[in-house]
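Visitor: Just so we're aligned, residue 809 is where the sequence shown starts under my numbering, counting upward by one.
Once you've had a glance at the structure underneath, I'll fire off some questions.
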Amino acid sequence: MSAVTQATDRRRRKRSAAGPAPAVPAAPASHGGREPLWRRRDRRWALLFLAPQLLGLLVFLVGPLGFAVVLSFMRWDGLGDATWVGLDNFRAQLTDPEFGRAVWNTVKIGLITVPGGLALALLIALALHGVRGRTAYRMVYFLPVVTSSVAVSVIWQMILGGGTDGILNGTVHDLFGLTLPDWLADPDWVVVAVAVVTIWSSLGLNVVIFLAGLATIPTNLLEAARIDGAGPWQTLRSVTLPLLSPTVFFTVVVSVISSFQAFDLVYVLVNPDHNEGAQTIVYKVYQQGFREFHFGLSSAAALLLLLLTLIVTAVQFQAQKRLVHYES
């Protein structure tokens, strides 16, 4: 018997010992290549439920954004014919000292409100974490968030008023004989006043977010750190903050975007028309578009703000790869 015949017999005996080969399931019927009826029905229902959201997205976001992009290359007052001017609107904004001042004011507000507000919110959250009755504290701190920005601005106008008319300046003058700056009229101090009011009005939201983040930290890790001899500061630096870094990253991104969009508090608290130190990018967009009717310039300013926000957000997302630690 040849070697080939012997090898064939050995393979046949192995297959017989292993039993019959498993049956291959038959392929489902293709229905002539058409999609099953139930899947088409589910897709139609999905589109029906998504239609209101998609329609709102197109009408209130995609449509206005596309119109603003087109308008930024034109000169239009809202009534006459639009004239194509190319990049002239962007050149005018980038070379305008007033627009540059508005950008710098916006950046200064962000530099004060983001680190200052988040640091204060984190300290309060650490103090409230584990305290009995912290739900009541959350409600108290959250009240300014749900209060009308107009009401908040009017109250702080009474507090920060100039001379001895303001509550703060009058009290300090009566008790210590000191004269404080006119917070809402002095261009050098108005940004500080706006930043303080912004921090106060958004503090409750950040406190609630940090409290939620602290609640997700496993207690066994904190107990293990204490057993190993770590003090409160070492536990905060080596355990709490690394595990809280995703929450910190979220609040930083949201706070930076919110600081770039500062308008309502500035508009009501201060009169930016008579105070160059209070003019922000969003206020320039409003002023040029809806008061001076230069919609092309206004759209160009809005797109420059969008570009600035995207660049800063992209830098933050790149930094989070090294600074943010996600628990595995």
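C-beta atoms are modelled at their ideal positions from N, C-alpha and C, and glycine is treated no differently.
Considering only the beta carbon of each residue, do Ile975 and Ile963 sit closer than 7 Å?
Guide: No, the Cβ-Cβ distance between Ile975 and Ile963 is not below 7 Å.
Visitor: Does Ala933 come out as helix, strand or coil in the three-state DSSP assignment?
Guide: Residue state, collapsed to three classes: helix.
Visitor: Beta carbon of Leu1112: closer than 6 Å to some heavy atom of the ligand NAD?
Guide: Because no ligand of any kind appears in the structure shown, any question about the ligand NAD cannot be addressed here.
Visitor: By Cβ distance below 6 Å, which residues in the same chain neighbour Pro989 in space, the five residues on each side in sequence not counted?
Guide: Excluding residues within five positions, the ones whose Cβ falls inside 6 Å are Trp997.
Visitor: So, is Leu1011 buried or exposed, given that buried needs 16 or more other C-beta atoms within 10 angstroms?
Guide: Buried, because 16 or more other Cβ atoms sit within 10 Å of the Cβ of Leu1011.
Visitor: Which residue's Cα is closest to the Cα of Asn1083: Asp994, Leu1019 and Val1076?
Guide: The option with the nearest alpha carbon to Asn1083 is Asp994.
Visitor: So is Leu1113 buried or exposed if we call it buried at 16+ other beta carbons inside 10 Å?
Guide: That one is buried.
Visitor: May I have the straight-line CA-CA distance separating Val958 from Gly969, to the nearest angstrom?
Guide: Whole-angstrom Cα-Cα distance: 16 Å.
Visitor: Could you give the distance in angstroms between the alpha-carbon of Phe1125 and the alpha-carbon of Ser1053?
Guide: Those two C-alpha atoms are separated by around 13 Å.
Visitor: Can you tell me which of Asp889, Thr1048 and Val1016 puts its alpha carbon nearest to the alpha carbon of Arg946?
Guide: Taking only the C-alpha atoms, the option nearest Arg946 is Val1016.
Visitor: Going by DSSP, name the residue or residues bridged to Arg842.
Guide: Arg842 is not bridged to any residue.
Visitor: Go ahead and pull the three-state DSSP assignment for Trp912.
Guide: Helix at Trp912.
Visitor: Leaving aside the five residues before and after Phe1071 along the sequence, list all residues of the same chain whose C-beta is less than 8 Å from its C-beta, in chain order.
Guide: Closer than 8 Å at the Cβ level, and outside the excluded window around Phe1071, lie Thr1088, Val1090, Tyr1091 and Tyr1094.
Visitor: Tell me which residues share the same chain as Tyr1075 and place their Cβ nearer than 7 Å to its Cβ, disregarding the 5 neighbours each side in the sequence.
Guide: Within the same chain, Tyr1075 has close Cβ partners Tyr1091.
Visitor: State whether the region 878-887 contacts the region 1097-1114, with contact taken as three or more CB pairs (one from each stretch) at a distance under 8 Å.
Guide: Judged by Cβ distances under 8 Å, the region 878-887 makes contact with the region 1097-1114, as three or more pairs qualify.
Visitor: Rounding to the nearest angstrom, what Cα-Cα distance links Ala837 and Ala859 in this structure?
Guide: Any answer about Ala837 is weak, because its pLDDT of 49 lies below 50 and its placement is not dependable; what the coordinates show is given next. About 32 Å.
Visitor: Looking only at its own chain, which residues have a Cβ that is under 6 Å from the Cβ of Leu1116, when we skip the five neighbours before and after it?
Guide: So the list is empty, once near-sequence residues are dropped.
Visitor: Reducing DSSP to helix, strand and coil, say where Gly940 ends up.
Guide: According to the sequence as given, residue 940 is Arg; it is not Gly. Coil at Arg940, not helix or strand.
Visitor: Beta-carbon separation of Ala876 and Ser1107 under 7 Å?
Guide: Result yes, Cβ atoms of Ala876 and Ser1107 sit closer than 7 Å.
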